[in-house]
Structures are given as structure tokens and as C-alpha cells.
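One structure is given below, encoded as C-alpha cells.
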Amino acid sequence: MDMSKKTGGNPLPNTGNNRLYRALLIGPILLIIGLAMFVLNCKKTQNQSA
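Using this note's numbering, the first residue of the sequence shown is number 304, and each one after it goes up by one.
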């Protein structure tokens, strides 16, 4: 955000790479969180049925 202001509002050529890098980071994180929630839900259902 601050970098774009220094360049006079013009987007830097690295913005596309940063977005791709964030997507590569956020993707696996969301998958891990989803799997964690799924496992927790499975454990809860098993405890209730037991």
C-alpha cells in the first residue's frame, strides 16, 4: 500500500507477483483450516454418538 503511494499511485510490476504469492499462501492455509474444522466436526459427532 505504501509502495504504490511513493510511486505516485502507479502500480508496481511486483503487485501481480505479490497477489499470486498471497494466493499461494492463503490457498493451503484455507485448506488446512477446512481440514481442521472437518476433523473437529467428525470428532464431535463421534463423541455424541458414543
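In this text, a Cβ means the ideal position worked out from N, Cα and C, and glycines have one as well.
Cut-off 8 Å between Cβ atoms - residues of its own chain near residue i, not counting five sequence neighbours on either side
i      : result
ILE335 : none
Other residues of its chain near residue i: CB distance less than 6 Å, five sequence neighbours each side excluded
i      : result
GLY330 : none
Exposure of residue i, with buried meaning 16 or more beta-carbon neighbours within 10 Å
i      : result
MET340 : exposed
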